[in-house]
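All remarks here apply to the structure that follows.
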Amino acid sequence: VPAPEMMPQKTILAYGSSITNGLLSILPMTTWIYQLSEKLGVDCLNRGYAGSCYAEPEMVDYLCTLDFDCAVVSFGANVIRLSTEEYEKRARNLITTLCTTHPDRKFIFVDLAYQSSDILDGEEGKAAQLRKIMSRLIAEYNFANAKYVSGLELLNTTCGLSGDLVHFVNIDNTVLCKLHVVVCRLD
């Protein structure tokens, strides 16, 4: 059993969809949150759910019960199925509930990375609309403990996407370094 001083002193929470859960979820060390936590020297709490991550009010309440120091909330891929009105309602609840319940904890809200919707719908398509909503809400609330990261900052091209044009083939060092820099800016 490791001595207490050998254990990570902080925990990072990740909430997201299958991209967070990991394509090879039987190998947790292949997930981006595990790799990021290794870089940061912290423990990780992966709450990625394949086919989900709709920020249902019950899920947001559940996330508030967890013990963590910082959270990366990847409100991405599957929310494309929501109407823009429902997306805004859920995003608003997600942001306000997490940030006001835990004003002492840091939150990084990441929206949609480049995906099939960008190709099919273009620059003014639904994915672009959802990114604008998330960006606007984070700016509107201006919580000191919230940071917005456009998914396009992490992946803005089809390079790195699998054949379904939604999932990452692998999370390369570029994406991890970008997330690492954002998380470190929060301290």
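Numbering of the sequence shown is given in our numbering, commencing with residue 506 and proceeding in unit increments. Where a beta carbon is used, it is the ideal one built from N, C-alpha and C, also for glycine. Since this is a predicted model, take the numbers as computed values, not measurements.
F614 is a Cβ neighbour of V578, given a cutoff of 8 Å.
Secondary structure of D574 (DSSP, three-state): coil. As computed with DSSP, R552 is found in a beta bridge with Y520. Ranking N647, A649, K594 by CA distance to the CA of L635 puts K594 first. Apart from sequence neighbours up to five positions away, the residues of its chain that approach P608 with a beta-carbon distance below 7 Å are N650, ordered along the chain.
Residues of the same chain with a CB within less than 6 Å of the CB of L599, apart from the 5 flanking positions on each side, are A560, V565 in chain order. Here N526 has T536, N551, G553, Y554, A555 as same chain residues with Cβ atoms under 8 Å from its own Cβ, once five neighbours each way along the sequence are excluded.
The C-alpha of A632 is placed about 44 Å away from the C-alpha of E510. Of the residues S523, T516, S522, the one whose Cα lies closest to the Cα of G546 is T516. According to the DSSP assignment, I613 belongs to no alpha helix (DSSP H) but to the beta strand (DSSP E) extending over 611-615. In its chain, beyond the 5 residues on either side, K631, Q634, L635, I638 have a beta carbon closer than 8 Å to the beta carbon of T589. Y520 places its beta carbon 8 Å or farther from that of L587. For V654, the uninterrupted beta strand (DSSP E) run begins and ends at 651-654, by DSSP.
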